[in-house]
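**Q**
2 protein chains.
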Amino acid sequence: MNIYDIAREAGVSIATVSRVLNHKNTVSPATRARVEQVLAQHSYTPSAIARGLVSKSMRTVAILTVDIRFPHYANTAYTIEREFSHRGYDVLLCNTGGNRDTVLRYLRAVLKKQVDGIVLVGSVFNEICHGEEMRSLLCRVPIVLANGKLDLPGASSVLVDDRAGVALAVDHLVSRGRRHLFYIQDKYTTSAEDKCAGFLQAMERAGLGPAGRVVRTHDTLEDGMQAARDILAGDLPCDAIVCGEDLTAAGALKALLRDGVAVPGQVAVTGYNNSAYAYLCEPVLTTVDNKGEQAAQLCVQLLGSCIEKGGSAATVTIQPELVAGKTS
Amino acid sequence: MNIYDIAREAGVSIATVSRVLNHKNTVSPATRARVEQVLAQHSYTPSAIARGLVSKSMRTVAILTVDIRFPHYANTAYTIEREFSHRGYDVLLCNTGGNRDTVLRYLRAVLKKQVDGIVLVGSVFNEICHGEEMRSLLCRVPIVLANGKLDLPGASSVLVDDRAGVALAVDHLVSRGRRHLFYIQDKYTTSAEDKCAGFLQAMERAGLGPAGRVVRTHDTLEDGMQAARDILAGDLPCDAIVCGEDLTAAGALKALLRDGVAVPGQVAVTGYNNSAYAYLCEPVLTTVDNKGEQAAQLCVQLLGSCIEKGGSAATVTIQPELVAGKTS
DNA sequence: CTGAAAGCGCTTACAG
DNA sequence: CTGAAAGCGCTTACAG
Chain B
0 MNIYDIAREA GVSIATVSRV LNHKNTVSPA TRARVEQVLA QHSYTPSAIA
50 RGLVSKSMRT VAILTVDIRF PHYANTAYTI EREFSHRGYD VLLCNTGGNR
100 DTVLRYLRAV LKKQVDGIVL VGSVFNEICH GEEMRSLLCR VPIVLANGKL
150 DLPGASSVLV DDRAGVALAV DHLVSRGRRH LFYIQDKYTT SAEDKCAGFL
200 QAMERAGLGP AGRVVRTHDT LEDGMQAARD ILAGDLPCDA IVCGEDLTAA
250 GALKALLRDG VAVPGQVAVT GYNNSAYAYL CEPVLTTVDN KGEQAAQLCV
300 QLLGSCIEKG GSAATVTIQP ELVAGKTS
Chain A
0 MNIYDIAREA GVSIATVSRV LNHKNTVSPA TRARVEQVLA QHSYTPSAIA
50 RGLVSKSMRT VAILTVDIRF PHYANTAYTI EREFSHRGYD VLLCNTGGNR
100 DTVLRYLRAV LKKQVDGIVL VGSVFNEICH GEEMRSLLCR VPIVLANGKL
150 DLPGASSVLV DDRAGVALAV DHLVSRGRRH LFYIQDKYTT SAEDKCAGFL
200 QAMERAGLGP AGRVVRTHDT LEDGMQAARD ILAGDLPCDA IVCGEDLTAA
250 GALKALLRDG VAVPGQVAVT GYNNSAYAYL CEPVLTTVDN KGEQAAQLCV
300 QLLGSCIEKG GSAATVTIQP ELVAGKTS
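Protein chains in written order, with numbering that gives the first Met the number 0: chain B, 0 to 327; chain A, 0 to 327.
1) Would you call the CB atoms of residue 296 of chain A and residue 78 of chain A closer than 9 Å?
2) Kindly list the residues whose CB is nearer than 6 Å to the CB of residue 301 of chain B, restricted to its own chain and excluding five residues on each side of it in sequence; keep chain order.
3) Which residues in chain A have a C-beta closer than 8 Å to the C-beta of residue 44 of chain B? List them in chain order.
4) Quick test of your reading: residue 95 of chain A and residue 59 of chain A, contact by CB under 8 Å. State the CB separation rounded to the nearest angstrom.
5) Can you find a CB in chain B that lies within less than 9 Å of the CB of residue 20 of chain A?
6) Below 9 Å between beta carbons: does that hold for residue 250 of chain B and residue 222 of chain B?
7) Would you mind giving the Cβ-Cβ distance between residue 253 of chain B and residue 284 of chain B, rounded to the nearest angstrom? I have them listed as a contact below 8 Å.
8) Which one or two residues does DSSP pair with residue 184 of chain A in a beta bridge?
9) Pairs of beta-carbons, one from the region 196–210 of chain B and one from the region 157–171 of chain B, closer than 8 Å: are there three or more?
10) Measure the alpha-carbon distance for residue 256 of chain B versus residue 327 of chain B and round it to whole angstroms.
11) Using 8 Å as the cut-off, can you tell me whether the region 126–143 of chain A makes contact with the region 85–104 of chain A, which would need three or more C-beta pairs spanning the two stretches below that distance?
12) Hey, is residue 195 of chain A's beta-carbon within less than 9 Å of any beta-carbon in chain B?
13) In this structure, does DSSP put residue 74 of chain A in helix, strand or coil?
14) Indicate whether the contact test is met: 3 or more Cβ pairs, each with one atom in the region 28–42 of chain A and one in the region 272–284 of chain A, closer than 8 Å.
15) Let me know if residue 182 of chain A comes out buried or exposed under the rule of 16 or more other beta-carbons within 10 Å of its beta-carbon.
16) Residues of chain A with CB closer than 7 Å to the CB of residue 74 of chain B, please, in chain order.
17) So, at 7 Å on beta carbons, what are the nonlocal neighbours of residue 66 of chain B in its own chain, with the 5 sequence-adjacent residues on each side left out?
18) List, in order along the chain, the chain B residues whose C-beta lies closer than 7 Å to that of residue 334 of chain A?
19) If you reduce the DSSP assignment to three classes, tell me which class residue 59 of chain B lands in.
20) Rounded to whole angstroms, how far is the Cβ of residue 75 of chain B from the Cβ of residue 145 of chain B, which I believe are closer than 8 Å?
21) Name the chain A residues whose beta carbon is nearer than 7 Å to that of residue 135 of chain B?
22) Who does residue 39 of chain B pair with in a DSSP beta bridge?
23) What did DSSP end up calling residue 19 of chain B once you bin it into helix, strand or coil?
24) Taking the alpha carbon of residue 29 of chain A as the reference point, which residue from A:139, A:185, A:15, A:192 has its own alpha carbon closest?
25) So which residues of chain B does residue 153 of chain A contact, with C-beta pairs closer than 8 Å?
26) Name the chain B residues that come within less than 9 Å of residue 142 of chain A, Cβ to Cβ?
27) Counting only C-beta atoms, is residue 52 of chain B closer than 9 Å to chain A at any point?
28) According to DSSP, residue 312 of chain A sits in a beta bridge with which residue or residues?
29) If you pair each beta-carbon of the region 257–277 of chain B with each one of the region 303–318 of chain B, do three or more pairs fall below 8 Å?
30) What three-state label does DSSP hand residue 98 of chain B in the structure shown?
31) For chain B, check one thing: does any of its Cβ atoms lie closer than 9 Å to the Cβ of residue 132 of chain A?
32) Measuring straight from C-alpha to C-alpha, what distance separates residue 115 of chain B and residue 247 of chain B?
33) Going straight from the alpha carbon of residue 209 of chain B to that of residue 178 of chain B, what length do you get?
34) To the nearest angstrom, report how far apart residue 211 of chain A and residue 275 of chain A are at their CA atoms.
35) List, from N- to C-terminal side, the alpha helix (DSSP H) runs of 4 residues or more that fit wholly inside the region 112–179 of chain B.
36) Label residue 150 of chain B either buried or exposed according to how many other C-beta atoms from any shown protein chain fall within 10 Å of its C-beta, with 16 as the threshold for buried.
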């Protein structure tokens with residue numbers, strides 16, 4: 000059942016059916032009523048594909064993220080989807096694993112479908128968005144990067160001041176009398192390096208530079224556990240562990256509890272992201288809220304205005320906030 | 000840059016360009032080489048929209064789920080997306096909140112785009128997929144429901160035997176000497192009712208019918224905490240709490256730990272889903288693995304064969320498995 | 001207010 | 001092996 004069938008049955012031209020469909024007010028009430036009746040009778044649905052071919056837009060955007068199974072990405076993707084849906088766009092989801100070739104594959108696929116815009120979610124895109132083909136693909140359509148800045152025309156950015164975020168955790172711990180802080184670096188993206196720099200800088204500022212130690216591992220529960228055990232088994236004193244992710248912090252906390260180390264009595268622990276993980280821990284994890292929801296909403300606003308008003312690329316920065324739990 | 004531009008520049012017809020693009024072997028090597036060179040030179044990308052208009056398929060499927068922020072849905076959606084992506088389909092994500100009107104809105108939207116199939120993820124779809132418009136929309140395209148059965152032609156099902164799943168938890172607890180079990184029902188979908196029935200049935204079978212009590216609440220951490228406190232404050236003895244979701248169980252566990260109740264010493268706790276939440280808890284939660292990944296893969300297989308081979312609807316059932324942690 | 005016609009960018013019989 | 005032409009289902013000037 001297409002627009003020709005409707006037109007024939009209503010005794011009008013396809014142009015008139017199209018006008019009714021698109022609520023143009025250049026149709027007489029009588030004609031409109033007749034067409035609408037036929038439309039309803041067949042519960043006719045216009046083809047978005049045919050419409051897209053003409054209008055050059057499928058009203059679709061793509062989210063390229065790392066892995067939706069991590070709560071922080073899930074939250075961000077959720078909000079982006081919800082907001083775009085309210086604006087009448089459908090959302091393609093792409094879990095890229097942060098893998099450059101996979102990103103290329105997804106970009107080719109969604110660009111073939113002429114998406115109206117792309118949201119990149121994850122600091123990892125800072126590292127993988129280089130190279131000729133990558134850049135030429137990313138130039139074809141408005142883009143916004145959550146948590147990072149792309150050196151491309153037409154690419155907007157929502158930055159999160161992660162350096163300040165970790166500094167908040169350090170200041171908080173120092174103000175509560177902690178002096179021997181360790182940082183567990185669990186990722187190696189731009190954002191993760193910023194966090195680590197924020198740790199060192201805040202320690203320096205507090206006059207505790209030499210006491211600030213960094214341990215490098217990965218962002219899993221097990222790695223968090225192991226890192227905490229390594230720290231406690233070391234020669235240096237430790238009264239606080241600052242982590243780059245809630246998941247790693249949950250691991251550190253778990254190891255300390257199992258080994259009979261009092262938290263926060265002997266050692267304080269802080270996480271990052273203010274995710275469900277933080278709240279699930281017992282005691283509840285002190286963490287840093289990096290405002291995933293707000294970042295997502297800003298992404299949608301920036302990309303939305305690039306798409307609809309042809310606006311130019313913009314950059315906004317978000318300030319994280321400390322969320323004091325019971326582990327500090 | 001469209002197929003006409005390429006054709007002109009290569010000195011051939013658009014039909015020949017199309018043949019090269021689609022790897023038809025009815026093109027002479029020389030012509031093919033010339034066309035491919037022009038194609039590469041302009042990094043030409045064919046329009047999936049125009050192609051879709053002709054072929055009647057955009058190679059896109061939609062996932063309608065409740066809320067991707069819940070780990071179980073995130074895991075399922077992740078696997079579905081990954082598998083369909085490998086098969087050359089893009090995936091539209093729709094967070095419906097389990098709300099019937101929202102589901103209708105999303106269905107209309109994705110059907111306009113002529114998706115090749117729809118995956119419904121969540122037992123809640125059992126309750127909301129009725130009514131004339133809903134049913135007529137769901138009939139337009141192959142569908143598969145994860146965790147439920149739709150009474151519709153063309154709708155495949157992947158069922159999870161949740162009744163048996165909870166019974167596994169009960170049997171496990173009873174075999175370890177527990178006698179006074181409580182069940183926290185935290186949802187009211189078909190699946191949730193099945194779980195509760197599984198609890199009562201397993202208690203009956205164990206000859207502990209009268210000792211099996213059910214408490215009704217909702218699936219949040221706070222509600223789990225409150226429910227556990229209510230149970231412990233009640234007159235009836237309690238040595239185990241069986242929960243319908245890991246999140247609720249995490250709440251119950253948290254309340255018990257805070258109130259100084261030994262787990263599993265005095266009271267055992269079990270969850271459901273084998274999610275990250277279970278593993279994060281300390282002690283690690285005993286839970287039931289309802290095989291989200293396997294369910295997702297089966298969904299893709301069933302829907303994939305309906306789409307590609309025009310296969311008919313099928314139903315498969317998955318058996319859950321107990322995952323013993325340290326809370327039982 | 002309405003319709004005939006062109007065009008969006010492809011694929012696919014059909015002829016040759 | 002190759003091309004001219006029709007068709008997919010719409011929207012949008014253009015005329016009237």
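For every residue, glycine included, the Cβ atom is placed at its ideal position computed from N, Cα and C. Only a predicted model underlies this, so the values are computations on that prediction, with no experimental measurement involved.
**A** Quick look at the numbers:
1) Against a cut-off of 9 Å, the Cβ pair of residue 78 of chain A and residue 296 of chain A comes out as a contact.
2) Excluding five sequence positions before and after residue 301 of chain B, the CB atoms of its chain that fall closer than 6 Å to its own CB belong to 143, 155, 313, given in chain order.
3) Correct list: 107, 110, 111.
4) Incorrect: roughly 18 Å between the Cβ atoms, too far for contact.
5) Chain B contact via Cβ: absent.
6) A distance below 9 Å separates the beta carbons of residue 250 of chain B and residue 222 of chain B.
7) Residue 253 of chain B to residue 284 of chain B, Cβ: 11 Å. No contact.
8) When DSSP reads this structure, residue 184 of chain A sits in a beta bridge with A:215.
9) Verdict: yes, contact present.
10) Cα to Cα, residue 256 of chain B sits roughly 14 Å from residue 327 of chain B.
11) Yes, since at least three Cβ pairs between the region 126–143 of chain A and the region 85–104 of chain A fall closer than 8 Å, the two stretches touch.
12) When Cβ-Cβ separations below 9 Å define contact, residue 195 of chain A makes no contact with chain B.
13) Residue state for residue 74 of chain A is assigned as helix, using DSSP reduced to three classes.
14) Contact fails: fewer than three Cβ-Cβ distances are below 8 Å.
15) The residue in question, residue 182 of chain A, is buried, as its Cβ has 16 or more Cβ neighbours within 10 Å.
16) The answer, in chain order, is 68.
17) Short of 7 Å from the beta carbon of residue 66 of chain B, and not among the five residues preceding or following it, lie these beta carbons of its own chain, in chain order: 72, 94, 96.
18) With chain A running from 0 to 327 in the structure shown, residue 334 of chain A is simply not present.
19) The answer is strand: DSSP assigns residue 59 of chain B an E or B state.
20) With a Cβ gap of about 6 Å, residue 75 of chain B and residue 145 of chain B count as contacting.
21) Taking a Cβ-Cβ cut-off of 7 Å, the neighbours of residue 135 of chain B in chain A comprise 42, given in sequence order.
22) Bridge partners of residue 39 of chain B: none, in fact.
23) Helix.
24) The candidate whose alpha carbon is nearest that of residue 29 of chain A is A:15.
25) Here the premise fails: no neighbours, minimum Cβ distance about 17 Å.
26) None at all; the shortest Cβ gap to chain B is about 17 Å.
27) True, the Cβ-Cβ gap to chain A drops below 9 Å.
28) DSSP output for residue 312 of chain A lists no bridge partner at all.
29) With contact defined as three or more Cβ pairs closer than 8 Å, the region 257–277 of chain B and the region 303–318 of chain B are not in contact.
30) Collapsing the DSSP output to three states places residue 98 of chain B in coil.
31) It does; some Cβ of chain B falls within 9 Å.
32) Between residue 115 of chain B and residue 247 of chain B, the alpha-carbon positions lie close to 37 Å from each other.
33) Taken atom to atom, the span from the alpha-carbon of residue 209 of chain B to that of residue 178 of chain B is near 10 Å.
34) If I take the Cα positions, the gap works out to 28 Å.
35) Within the region 112–179 of chain B, the complete alpha helix (DSSP H) runs of at least 4 residues fall at 124–127, 131–137, 161–174.
36) Per the 10 Å Cβ criterion, exposed.
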